[in-house]
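Colleague: A single structure is presented below for examination.
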Amino acid sequence: MSEPDDAAWSAAAGAPLSDDGFPDRDPGLPFVLSDGAPGQADPAPDESGEPANGASSSEPGVPATDPAVAASASPALRAFRGRDPVPAPLNSHGPAMVLAMCNQKGGVGKTTSTINLGAALAEYGRRVLMVDLDPQGALGAGLGIAAHELDHTIYNLMLGPSTALTDVLVPTGIEGVDLIPANIDLSAAEVQLINEVGREHTLSRALRPVLHAYDYVLIDCQPSLGLLTVNALACAQGVIIPLAAEFFSLRGVALLVDTISKVRERINPNLSVQGVLVTMYDGRTMHAREVVAMLHQRFGDQVYDTIISRTVKFPETTVAGEPITTYAPTSAAAEAYRALAREVIAR
Ligand SMILES: Nc1ncnc2c1ncn2[C@@H]1O[C@H](COP(=O)(O)OP(=O)(O)O)[C@@H](O)[C@H]1O
Ligand SMILES: [Mg+2]
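Numbering that gives the first Met the number 0 puts the sequence shown at residues 0 to 346.
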């Protein structure tokens, strides 16, 4: 594949080039696409298997290590591909690293990645708090918790009068993982937050008392860059950007990166991009491999080595209400999220 320039990439993504000279752009994140209309769904779900780490074994002629991925990864990344050390056990816990799963596009794997990365981190002995910041409440649903029936959720913690953390913390079926759920009540928060003093720091204030008890706090953001997402970015040290491996998912990434830069400059200097996570990868298609190569060219080492392949097992886990690591513990998909957990710990 020839190296696409910005114009080619923009054309591929169907978005015009930014004409502002990229004033706020992070020099390490040279995205130039501006936001666009919602993308189209991937038409070809792979039901045949779930190869991990860019490997695809379902089609003859497609080598186990994807050449597009291998060629574009840095030598250091290639050397360590799949070889992040098994993390050492912890003797004590906290203070937590707060990671926001963020992409204003829906259906890219934010919630799925929150659940499965969290479960995989817990397998390595890390204490994890998952925070749902999406009024759809999918995080609770994916963990088998009926958040719509709960009286106390993240909404009450952020905006209700004198709601204690103990009122909203829910244990999950996964050892070492707790949840602060959300439900449709949270849809009122965006408007109500506008009148709050220090509105961007509302979530940060609410979570501060429990940070010492966890090693990771994973915030599942809603598909928007509104005030709730800014609240997540304001209290996070790292952003994980899940991106589906298709051209249309590249649209809007410039706006996301720009938002992250602005939050870092104006309200949270500790914020950085922890990594870009390629999801729903179908190694049988040239298209998916080209997207991954483009992401490596643009984001470099920030793209996680681990790639999450497309498999029907993930929708199945949502129905089952448990993570892939327990639903199909030996599957390549479960192994992929374990590999991601090792990368997240190693970074
Ligand atoms: N790797 C994957 N392969 C196939 N389906 C997936 C994968 N990851 C997520 N899904 C499914 O895609 C849908 C959207 O994923 P989700 O994690 O809810 O995205 P988001 O939170 O970004 O909206 C869900 O039905 C989920 O089960
Ligand atoms: Mg979601």
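Don't be surprised by glycine CBs; every beta carbon is placed ideally from N, CA and C. In this text, all values refer to a predicted model and were calculated from it rather than measured experimentally.
1. Does the segment 232-243 come within contact of the segment 263-272, defined as at least 3 CB pairs closer than 8 Å?
2. Exposed or buried, D177, counting other C-beta atoms within 10 Å across all chains shown (16 or more means buried)?
3. Residues in its own chain within less than 8 Å of V85 by CB, not counting five upstream and five downstream?
4. Taking 6 Å as the cut-off, is the beta-carbon of A231 closer than that to any non-hydrogen atom of ligand 3?
5. Tell me, please, which residues DSSP counts as bridged to G274.
6. Which residues in the same chain have their Cβ closer than 6 Å to the Cβ of A243, if we skip the five residues on either side of it in sequence?
7. Who are the near neighbours of L156 in its chain, counting only those whose CB is closer than 6 Å to its CB and skipping five residues on each side?
8. Determine the contact status of Y326 and A119, defining contact as a CB-CB distance below 7 Å.
9. Near A333, which residues of its chain fall below 7 Å by C-beta distance, leaving aside the five closest residues on each side in sequence?
10. For L128, I'd like the list of residues in its chain whose CB is within less than 6 Å of its CB, leaving aside the five on either flank, ordered along the chain.
11. For A121, which of A146, L89, H286, T316 has the nearest alpha-carbon?
12. Buried or exposed for D219, please, with buried defined as at least 16 other CB atoms from any protein chain shown within 10 angstroms of its CB.
13. Report the CB separation of K109 from G251 in whole angstroms; it is logged as a contact under 8 Å.
14. Just how far apart, CA to CA, sit I179 and G136?
15. Between H92 and the rest of its own chain, which residues show a CB-CB distance below 7 Å, the 5 nearest in sequence each way excluded?
16. Quick one: what does DSSP say D133 is sitting in, helix, strand or coil?
17. With H, G and I counted as helix, E and B as strand and the rest as coil, what does DSSP make of S260?
18. Could you tell me whether any non-hydrogen atom of ligand 1 is closer than 6 Å to the CB of F247?
19. May I ask you to check if the CB of D133 is nearer than 6 Å to at least one heavy atom of ligand 2?
20. Assuming the contact rule is C-beta atoms closer than 8 Å, E245 and H295 should be a hit. Round their C-beta distance to whole Å, please.
21. Do you know how far the Cα of Y154 is from the Cα of V130?
22. Compare the C-alpha of A319 against each of D83, N102, P134, A140 and name the closest.
23. Let me check one thing: in DSSP terms, what residues is Y215 bridge-paired to?
24. According to DSSP, Y280 sits in a beta bridge with which residue or residues?
25. Between L158 and A181, is the Cβ-Cβ spacing less than 7 Å?
26. T228: beta carbon under 6 Å from a heavy atom of ligand 2?
27. Whose C-beta lies closer than 6 Å to the C-beta of Q236 among residues of the same chain, with five residues either side of it excluded?
28. Where does P84 fall in DSSP's three states?
29. Excluding the 5 residues flanking I344 on each side, which residues of the same chain have their C-beta closer than 6 Å to its C-beta?
30. When DSSP labels each residue in this structure, what does E334 get in the three-state scheme?
31. According to DSSP, C220 sits in a beta bridge with which residue or residues?
32. Hey, I193 and T171 are a contact pair by Cβ (cut 8 Å); roughly how many whole angstroms apart?
33. Once you ignore the five residues that flank N115 on each side, which residues in its own chain have a CB closer than 6 Å to its CB?
34. Please name the residue, chosen from D281, V290, T152, that lies closest to V302 on a Cα-to-Cα basis.
Modeller: The relevant details are as follows:
1. yes
2. Residue mapping note: residue 177 aligns to position 178 of the sequence shown, counting from 1. Classification for D177: buried.
3. The count along the sequence shown starts at 1 and reaches residue 85 at position 86. Only Y123, R341 meet the Cβ criterion.
4. Looking for ligand 3 in the displayed structure turns up nothing; the ligands present are ligand 1 and ligand 2.
5. What you label residue 274 is simply residue 275 of the sequence shown in a count that begins at 1. Partner(s): I239.
6. Residue 243 sits at position 244 when you count from the first residue of the sequence shown. Answer for A243: V107, T278, M279, listed in chain order.
7. Stepping through the sequence shown from its first residue, residue 156 is reached at position 157. Hits under 6 Å: T162, V167, A205.
8. Within the sequence shown, residue 326 is the residue found at index 327, counting from 1. Within the sequence shown, residue 119 is the residue found at index 120, counting from 1. No, these two residues do not count as a Cβ contact at 7 Å.
9. Looking up residue 333 in the sequence shown gives position 334. Around A333: I323, T324, A327.
10. Reading the sequence shown from its first residue, position 129 is the one you call residue 128. Hits under 6 Å: D177, Y213, V216.
11. Locating residue 121 in the sequence shown gives position 122, counting from the first residue. Selected option, being the one with the closest Cα: L89.
12. Locating residue 219 in the sequence shown gives position 220, counting from the first residue. That one is buried.
13. Position 110 of the sequence shown holds residue 109. Position 252 of the sequence shown holds residue 251. About 14 Å; that fails the 8 Å criterion.
14. Numbered from its first residue, the sequence shown carries residue 179 at position 180. Numbered from its first residue, the sequence shown carries residue 136 at position 137. Near 10 Å, if we compare the C-alpha coordinates of G136 and I179.
15. Working through the sequence shown from its first residue, we reach residue 92 at position 93. R126, A212, Y213, D214, listed in sequence order.
16. Position 134 of the sequence shown, counted from the start, is the residue given in the question as residue 133. Coil, per DSSP.
17. Translated into the one-based positions of the sequence shown, residue 260 becomes position 261. In the structure shown, S260 sits in a helix (DSSP, three-state: H, G or I).
18. In the sequence shown, the residue the question calls residue 247 occupies position 248. False, no ligand heavy atom lies under 6 Å from that Cβ.
19. The residue given as residue 133 occupies position 134 in the sequence shown. Yes, Cβ of D133 sits closer than 6 Å to a heavy atom of ligand 2.
20. Against the sequence shown, residue 245 aligns to sequence position 246. Against the sequence shown, residue 295 aligns to sequence position 296. Going by Cβ atoms, the distance from E245 to H295 rounds to 16 Å, so no, they are not a contact pair.
21. Residue mapping note: residue 130 aligns to position 131 of the sequence shown, counting from 1. Residue mapping note: residue 154 aligns to position 155 of the sequence shown, counting from 1. Cα-Cα distance, rounded: 11 Å.
22. Taking the first residue of the sequence shown as position 1, residue 319 is located at position 320. Per the Cα distances, A140.
23. Within the sequence shown, numbered from 1, the residue matching residue 215 stands at position 216. Looking at the DSSP assignment, Y215 forms a beta bridge with M96, V127.
24. Indexing the sequence shown from 1 puts residue 280 at position 281. DSSP lists S308 as partners of Y280.
25. Taking the sequence shown and counting its residues from 1, one reaches residue 158 at position 159. Taking the sequence shown and counting its residues from 1, one reaches residue 181 at position 182. Result no, Cβ atoms of L158 and A181 do not sit closer than 7 Å.
26. Start at 1 with the first residue of the sequence shown, and residue 228 comes out as number 229. No, the Cβ of T228 stays beyond 6 Å of every heavy atom of ligand 2.
27. Against the sequence shown, residue 236 aligns to sequence position 237. Within the same chain, Q236 has close Cβ partners M96, V97, N269.
28. The sequence position of residue 84 within the sequence shown is 85, counting from 1. P84: coil per DSSP, three-state reduction.
29. Translated into positions along the sequence shown, residue 344 becomes position 345. Cβ within range, chain order: P86.
30. One-based indexing of the sequence shown puts residue 334 at position 335. E334: helix per DSSP, three-state reduction.
31. One-based indexing of the sequence shown puts residue 220 at position 221. DSSP output for C220 lists L132 as bridge partner(s).
32. Mapped onto the sequence shown, residue 193 falls at position 194. Mapped onto the sequence shown, residue 171 falls at position 172. With a Cβ gap of about 32 Å, I193 and T171 do not count as contacting.
33. On the sequence shown, residue 115 is found 116 positions in, with the first residue counted as 1. Correct list, in chain order: P322, I323, Y336.
34. Sequence index remark: in the sequence shown, residue 302 carries index 303 (1-based). With distances taken between Cα atoms, V302 lies closest to V290.
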